[in-house]
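S.K.: Here it is, the structure, as structure tokens.
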Ligand code: MEV
């Protein structure tokens, strides 16, 4: 059993690895060699990666792929995606190609407002607090000028600050609820710095406010932090075409396909168990581009799923309809993204990804990512409502099994041929490889 360790972060990288190898592996040498196999030969590049986080021991590779032929608002994009799930890039590429010959994706930005809050406790009269807040409100702006100067030059800054009484939810609980425009940066650091200054201004001014009694003067700041729930930072993506134009290789009856597709979406709208998986499929596309472009996928995930529950019940993010013979499929999602700052200027592959996307603004990236999410959802629903998901999934998964069995070139050819006409399952692939080797 492993021992606790103090001062782990102070050990050198080599010492950390040795400790891990000793504590957790019977064959420590082999573990060390695997860990080091993933180091980059370029020492500077390795150091860059080491310093992204604390206690780095190695790099964890994920594949980076490209889904080409994304026609968005009349412009073609090749979308870089970072993901481990075998079928995702193939599905996005297929859906992108499909829609590129049917008008492409139409996307629009519906808002770009970010949110941050100072959560504090105040024991006293709300009217007094509100009068005090209004009297010092300009100071929140002036005392953050050094933080907001550069952002203002880029057209962003603090939009508004409100005082919110939350005492009906929690005793003595109030908020400063602030809204921000952060242009091409995700804005987390900017927002948090502003909020921490708001908190200082609030407590200092309260201490000096003669209208407050001593208890009212002693405002307690609990925390100051941005919100990853951004219901006013929204992008809409849509595809549409005549139902009859949905025809392709696996869709010989477009009316039946469109009806079933719309039903599948309606099921996800009313049934949370299905909605979660439906939205997970959307996030396959979204997360992979969010990762490739150096954005914070946890923030996006948290915000998107909260948005999916905005009406009190978890529901589908996408919607579909057939009206006057036109099939329309769309979604509106919140995406707080950046194309400058953070990892976007540090990680060499993120820079490459952004160059492949022709250096998009944050708003353009929101639109690309929303289109990718919708494409992914379309691909999943098309498979689910026609052939079933396993056909495509297992085709891609065969490669993983072949790699696991270190299959030779010849074995791969035989396996590919065999499964052209046979149902693929993990067991059947394994059985065939084992039979070939007998
Ligand atoms: C798998 O990663 C995603 C799907 O389950 C999405 C869906 O069911 O819509 C195929």
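Residue numbers (the numbering used here): -19 to 418. All C-beta atoms in this analysis are idealised placements derived from N, C-alpha and C, irrespective of residue type, glycine included. Owing to the predicted nature of the structure, the values given are computational and were not obtained by experimental measurement.
Answer yes or no: the CB of residue 360 versus the heavy atoms of the ligand MEV, is any distance below 6 Å?
M.R.: Mapped onto the chain shown, residue 360 falls at position 380. At least one heavy atom of the ligand MEV is nearer than 6 Å to the Cβ of residue 360, so yes.
S.K.: Using the three-state DSSP reduction, which class does residue 216 fall into: helix, strand or coil?
M.R.: Walking along the chain shown from the start, residue 216 turns up at place 236. Looking at residue 216 - three-state DSSP - the assignment turns out to be strand.
S.K.: Determine the extent of the beta strand (DSSP E) in which residue 299 is found, giving its start and end residues.
M.R.: Within the chain shown, the letter at position 319 stands for residue 299. First-last of the beta strand (DSSP E) with residue 299: 298 to 303.
S.K.: So residue 365 and residue 230 are supposed to be a Cβ contact under 8 Å. How far apart are they, rounded?
M.R.: Reading the chain shown from its first residue, position 385 is the one you call residue 365. Reading the chain shown from its first residue, position 250 is the one you call residue 230. The pair is not a contact, with the Cβ atoms about 10 Å apart (cut-off 8 Å).
S.K.: Please determine, among 184, 404, 93, the residue with the shortest C-alpha to C-alpha distance to residue 370.
M.R.: Sequence index remark: in the chain shown, residue 370 carries index 390 (1-based). Among 184, 404, 93, the Cα nearest to that of residue 370 belongs to 404.
S.K.: How long is the line joining the alpha carbons of residue -3 and residue 17, rounded to whole angstroms?
M.R.: Sequence index remark: in the chain shown, residue -3 carries index 17 (1-based). Sequence index remark: in the chain shown, residue 17 carries index 37 (1-based). In a straight line, the C-alpha of residue -3 is about 13 Å away from that of residue 17.
S.K.: Would you say the beta carbon of residue 264 is closer than 6 Å to some non-hydrogen atom of the ligand MEV?
M.R.: The residue given as residue 264 occupies position 284 in the chain shown. Yes; taking the cut-off as 6 Å, the Cβ of residue 264 has a heavy atom of the ligand MEV nearer than that.
S.K.: Any heavy atom of the ligand MEV closer than 6 Å to the beta-carbon of residue 404?
M.R.: As a first step, residue 404 must be located in the chain shown, where it is residue number 424. Outside the cutoff, so no.
S.K.: I'd like the list of long-range same chain contacts for residue 359, defined as Cβ closer than 7 Å, with 5 residues on each side in sequence excluded.
M.R.: The sequence position of residue 359 within the chain shown is 379, counting from 1. These residues qualify, in order along the chain: 71, 72, 74, 75.
S.K.: Thinking C-beta only, is residue 95 closer than 7 Å to residue 207?
M.R.: Here residue 207 is taken as the residue at index 227 of the chain shown, counted from 1. Here residue 95 is taken as the residue at index 115 of the chain shown, counted from 1. Yes.
S.K.: DSSP has residue 320 in a bridge; who is on the other side?
M.R.: Translated into positions along the chain shown, residue 320 becomes position 340. Beta-bridge pairing links residue 320 to 165.
S.K.: DSSP state of residue 49, grouped into three classes?
M.R.: If you number the chain shown from 1, residue 49 lands on position 69. Reduced to three states, the DSSP call for residue 49 is strand.
S.K.: Which residues does DSSP pair with residue 206 in a beta bridge?
M.R.: As a position in the chain shown, residue 206 is number 226, starting the count at 1. According to DSSP, residue 206 bridges with 96.
S.K.: CB residue 85 to CB residue 272, shorter than 7 Å?
M.R.: Taking the first residue of the chain shown as position 1, residue 85 is located at position 105. Taking the first residue of the chain shown as position 1, residue 272 is located at position 292. No, the Cβ-Cβ distance between residue 85 and residue 272 is not below 7 Å.
S.K.: Across the segment 158 to 176 and the segment 327 to 346, are there enough close Cβ pairs to call them in contact, namely three or more that are closer than 8 Å?
M.R.: The segment 158 to 176, when compared against the segment 327 to 346, does touch it at the 8 Å Cβ threshold.
S.K.: Going by the beta-carbon positions, is the gap between residue 58 and residue 348 smaller than 7 Å?
M.R.: For the purposes of this step, residue 58 is taken as residue 78 along the chain shown, with counting starting at 1. For the purposes of this step, residue 348 is taken as residue 368 along the chain shown, with counting starting at 1. Not in contact: residue 58 and residue 348 (Cβ atoms no closer than 7 Å).
S.K.: Can residue 377 be considered in contact with the ligand MEV, in the sense that its beta carbon sits closer than 6 Å to one or more heavy atoms?
M.R.: Walking along the chain shown from the start, residue 377 turns up at place 397. Because no heavy atom of the ligand MEV lies under 6 Å away, the Cβ of residue 377 does not count as near it: no.
S.K.: According to DSSP, is residue 85 helix, strand or coil?
M.R.: Counting from 1 along the chain shown, the entry for residue 85 is found at position 105. Strand, per DSSP.
S.K.: Is the segment 410 to 417 in contact with the segment 373 to 387, if contact means three or more CB pairs nearer than 8 Å?
M.R.: yes
S.K.: Excluding five sequence neighbours on each side, which residues of the same chain lie with their C-beta closer than 7 Å to the C-beta of residue 257?
M.R.: Taking the first residue of the chain shown as position 1, residue 257 is located at position 277. Nothing meets the Cβ criterion.
S.K.: Of all Cβ atoms in chain C, is any one closer than 7 Å to the Cβ of residue 316?
M.R.: Going by chain labels, chain C is absent from the structure shown, which holds only one protein chain.
S.K.: Thinking C-alpha only, which one of 136, 150, 112, 121 is nearest residue 143?
M.R.: Residue 143 sits at position 163 when you count from the first residue of the chain shown. Ranking the options by Cα distance to residue 143, first place goes to 112.
S.K.: Does the ligand MEV have even one heavy atom less than 6 Å from the beta-carbon of residue 332?
M.R.: Counting from 1 along the chain shown, the entry for residue 332 is found at position 352. No, since every heavy atom of the ligand MEV falls outside the 6 Å radius drawn around the Cβ of residue 332.
S.K.: Is it buried or exposed for residue 202, if we count other Cβ within 10 angstroms and need 16 for buried?
M.R.: To locate residue 202, count along the chain shown from 1; it is residue 222. Classification of residue 202: exposed, given that the 10 Å Cβ count is below 16.
S.K.: Would residue 3 and residue -11 be called neighbours here (beta carbons separated by less than 7 Å)?
M.R.: Residue mapping note: residue 3 aligns to position 23 of the chain shown, counting from 1. Residue mapping note: residue -11 aligns to position 9 of the chain shown, counting from 1. No; because the gap between Cβ atoms is not below 7 Å, this pair is not in contact.
S.K.: Tell me the residue span of the alpha helix (DSSP H) that contains residue 353.
M.R.: The sequence position of residue 353 within the chain shown is 373, counting from 1. Residues 342 to 365.
S.K.: Could you tell me the alpha carbon to alpha carbon distance between residue 117 and residue 126, rounded to whole angstroms?
M.R.: Start at 1 with the first residue of the chain shown, and residue 117 comes out as number 137. Start at 1 with the first residue of the chain shown, and residue 126 comes out as number 146. The C-alpha of residue 126 is placed about 17 Å away from the C-alpha of residue 117.
S.K.: Rounded to the nearest angstrom, what separates residue 52 and residue 280 at their Cα positions?
M.R.: Along the chain shown, read from residue 1 onward, the residue named residue 52 stands at position 72. Along the chain shown, read from residue 1 onward, the residue named residue 280 stands at position 300. Rounded to the nearest whole angstrom, the C-alpha separation of residue 52 and residue 280 is 21 Å.
S.K.: Buried or exposed: which applies to residue 332, given that a residue is buried once 16 or more other Cβ atoms fall within 10 Å of its Cβ?
M.R.: Residue mapping note: residue 332 aligns to position 352 of the chain shown, counting from 1. Flag for residue 332 reads exposed.
S.K.: With burial defined as no fewer than 16 other Cβ atoms inside 10 Å of the residue's Cβ, what is the status of residue 274: buried or exposed?
M.R.: Indexing the chain shown from 1 puts residue 274 at position 294. By the neighbour-count rule (16 or more Cβ atoms within 10 Å), residue 274 is buried.
S.K.: Could you check the C-alpha separation between residue 107 and residue 190 for me, to the nearest Å?
M.R.: Position 127 of the chain shown holds residue 107. Position 210 of the chain shown holds residue 190. Near 15 Å, if we compare the C-alpha coordinates of residue 190 and residue 107.
S.K.: Roughly how many angstroms separate the alpha carbons of residue 388 and residue 418, rounded to a whole number?
M.R.: Working through the chain shown from its first residue, we reach residue 388 at position 408. Working through the chain shown from its first residue, we reach residue 418 at position 438. About 14 Å.
S.K.: Within the present structure, is the beta-carbon of residue 52 separated from the nearest heavy atom of the ligand MEV by less than 6 Å?
M.R.: What you label residue 52 is simply residue 72 of the chain shown in a count that begins at 1. The answer is no for residue 52.
S.K.: Can you tell me the Cβ-Cβ gap for residue 354 and residue 298, rounded? I've got them flagged as a contact below 8 Å.
M.R.: Counting from 1 along the chain shown, the entry for residue 354 is found at position 374. Counting from 1 along the chain shown, the entry for residue 298 is found at position 318. The pair is a contact, with the Cβ atoms about 7 Å apart (cut-off 8 Å).
S.K.: Using 8 Å for Cβ pairs, my map puts residue 313 next to residue 269. What's the rounded Cβ distance?
M.R.: Your numbering for residue 313 matches position 333 in the chain shown. Your numbering for residue 269 matches position 289 in the chain shown. Residue 313 to residue 269, Cβ: 13 Å. No contact.
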